[in-house]
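Structure first, commentary second.
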Amino acid sequence: MKKFRAFYFSGTGNTKFVATYLVRKLSVFFDVDMFDITQKADFAAEISGADIVLVAFPIYGSSPPIPMRNFVHRYGKEFYAKTVAIAETQYFFSGDGSASLGRTLRKKGAIVKYAEHFNMPNNIADGSVFKVKNGDELSGIVHNAVRRLDAFSQKIAFDKKFLRGFDPVSHAVGYFCQRKWWRKGEKGKRSAVKVDRQKCVGCGICIKSCPVGNLKFENGQVVPSGNCVFCYRCVNLCPKRAITLFGSEVKNSYGGLPVGEFLPPPDKFGK
Ligand SMILES: Cc1cc2nc3c(=O)[nH]c(=O)nc-3n(C[C@H](O)[C@H](O)[C@H](O)COP(=O)(O)O)c2cc1C
Ligand code: SF4
Ligand code: SF4
Numbered sequence: 000m001k002k003f004r005a006f007y008f009s010g011t012g013n014t015k016f017v018a019t020y021l022v023r024k025l026s027v028f029f030d031v032d033m034f035d036i037t038q039k040a041d042f043a044a045e046i047s048g049a050d051i052v053l054v055a056f057p058i059y060g061s062s063p064p065i066p067m068r069n070f071v072h073r074y075g076k077e078f079y080a081k082t083v084a085i086a087e088t089q090y091f092f093s094g095d096g097s098a099s100l101g102r103t104l105r106k107k108g109a110i111v112k113y114a115e116h117f118n119m120p121n122n123i124a125d126g127s128v129f130k131v132k133n134g135d136e137l138s139g140i141v142h143n144a145v146r147r148l149d150a151f152s153q154k155i156a157f158d159k160k161f162l163r164g165f166d167p168v169s170h171a172v173g174y175f176c177q178r179k180w181w182r183k184g185e186k187g188k189r190s191a192v193k194v195d196r197q198k199c200v201g202c203g204i205c206i207k208s209c210p211v212g213n214l215k216f217e218n219g220q221v222v223p224s225g226n227c228v229f230c231y232r233c234v235n236l237c238p239k240r241a242i243t244l245f246g247s248e249v250k251n252s253y254g255g256l257p258v259g260e261f262l263p264p265p266d267k268f269g270k
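Residue 139 in the working numbering sits at position 140 of the sequence shown, with consecutive numbering throughout.
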């Protein structure tokens, strides 16, 4: 049986849902396994030994997140001549979100054969630009994503080339509308986390859950280390709504990781 290996980065659960769903579906056709790329591990052997590698990530300003970009650079050698599938999750628009990482992968010699974008529930919790959806609205979004996931898994299973976002128009729109500006400001924003000391009760949830170890206690206060990758996990998980990044107040709160409740039973996930 051919080996299908999925590697994902997920701040608030959407991408984990997508990767898990694909792995579950494809377990009928392939020997499957999946990995969170923020786990401290060496994935070289897993990538080298795979027949198809899936990379899955959320889009930030039409740009793949820093951990996923670093992952592709770190394992560039292992990606050479490897067949790759890309799953990108978004609120509604990225232009060429998947192709943005696809181009880097191709430079490493990868054969990027399948790519798809999945609209998912919003995870921005300290701004009101994009309303966070609830109830029927939310399940409708997940339902549509699942339909797209079913179609995408068929394409991978039956080797039908499919590349969403790889056309020049999507590239121009993604780059000029968002990525160009996002990448310019990205470096300077890595200390953007703000903790409201009046609200914080020192529970440490944010510190334990940060995927890149950006937060620590210093003299009883939560302080950032300038390493933030903008995943919004701490903002969503803080029980006191004490954390903000780009906004100044947590306006929408769905409690974090909301899509878990829509997941099918996990009995066939991974190994
Ligand atoms: C900092 C940031 C920037 C984002 N930029 C975009 C964007 O450009 N386009 C979009 O449609 N969604 C955008 N989103 C929404 C996320 O891509 C989307 O919610 C994603 O599914 C989150 O995945 P996760 O739950 O696996 O972290 C952004 C979210 C964050 C936190
Ligand atoms: S999760 Fe919130 S309340 Fe808990 S330590 Fe972090 S900022 Fe403070
Ligand atoms: S500090 Fe918060 S937003 Fe930044 S990487 Fe850590 S969990 Fe994500």
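C-beta atoms are modelled at their ideal positions from N, C-alpha and C, and glycine is treated no differently.
All of these numbers come straight from a predicted model, not from anything done at the bench.
Residue i: CB within 8 Å of a non-hydrogen atom of ligand 2
i    : result
V249 : no
G108 : no
Check whether residue i and residue j have beta carbons under 9 Å apart
i    : j    : result
G101 : A114 : yes
C205 : C237 : yes
F8   : D50  : no
G96  : S61  : yes
L25  : S152 : yes
K107 : T82  : no
V52  : A5   : yes
A55  : T88  : yes
A80  : A109 : yes
C192 : I242 : Note that residue 192 is Val in the sequence shown here, rather than Cys. Yes; because the gap between Cβ atoms is below 9 Å, this pair is in contact.
I58  : H116 : yes
N235 : A144 : no
Q220 : V194 : yes
K198 : K159 : no
P64  : C230 : yes
K154 : F165 : no
Neighbourhood of residue i by C-beta distance below 6 Å, restricted to the same chain and skipping five residues each side
i    : result
S190 : P223 and G225
V31  : F3, V22 and L25
A18  : A5, Y7, M33 and A55
K1   : F29 and D50
Proximity test, residue i beta-carbon vs ligand 3 heavy atom, cut-off 8 Å
i    : result
I242 : yes
Y231 : yes
N226 : yes
P296 : The structure shown has nothing for residue 296, since the chain only spans 0 to 270.
C209 : yes
Neighbour-count burial assignment, residue i, 16 or more Cβ in a 10 Å radius
i    : result
G173 : buried
E355 : This structure does not reach residue 355, given that the chain is present from 0 up to 270, and the question cannot be answered.
G94  : buried
A150 : exposed
G10  : buried
Same chain, Cβ closer than 7 Å to residue i, neighbours up to 5 away in sequence not counted
i    : result
V211 : T37, P66, N226 and V228
R178 : G60, S61, S62 and S99
R147 : E115 and F117
A43  : Y74 and E77
R105 : V111
Sheet register partners of residue i (DSSP bridge)
i    : result
A55  : Y7 and A86
I242 : V194
V222 : K215
A124 : None, per the DSSP bridge assignment.
N118 : Q89
M33  : A5
L148 : In the DSSP output, where bridge partners are listed per residue, L148 has none listed.
Closer than 8 Å: residue i CB and nearest ligand 1 heavy atom
i    : result
N213 : no
Y90  : yes
G273 : Because the chain here runs from 0 to 270, residue 273 falls outside it and cannot be looked at.
Residues near residue i by beta carbon distance below 8 Å, same chain, minus five either side
i    : result
G259 : Bear in mind that the predicted position of G259 carries a pLDDT of just 49, short of 50, making it unreliable; the figure below should be weighed with that in mind. Here the set comprises G12 and F16.
F216 : G201, G203, I206 and V222
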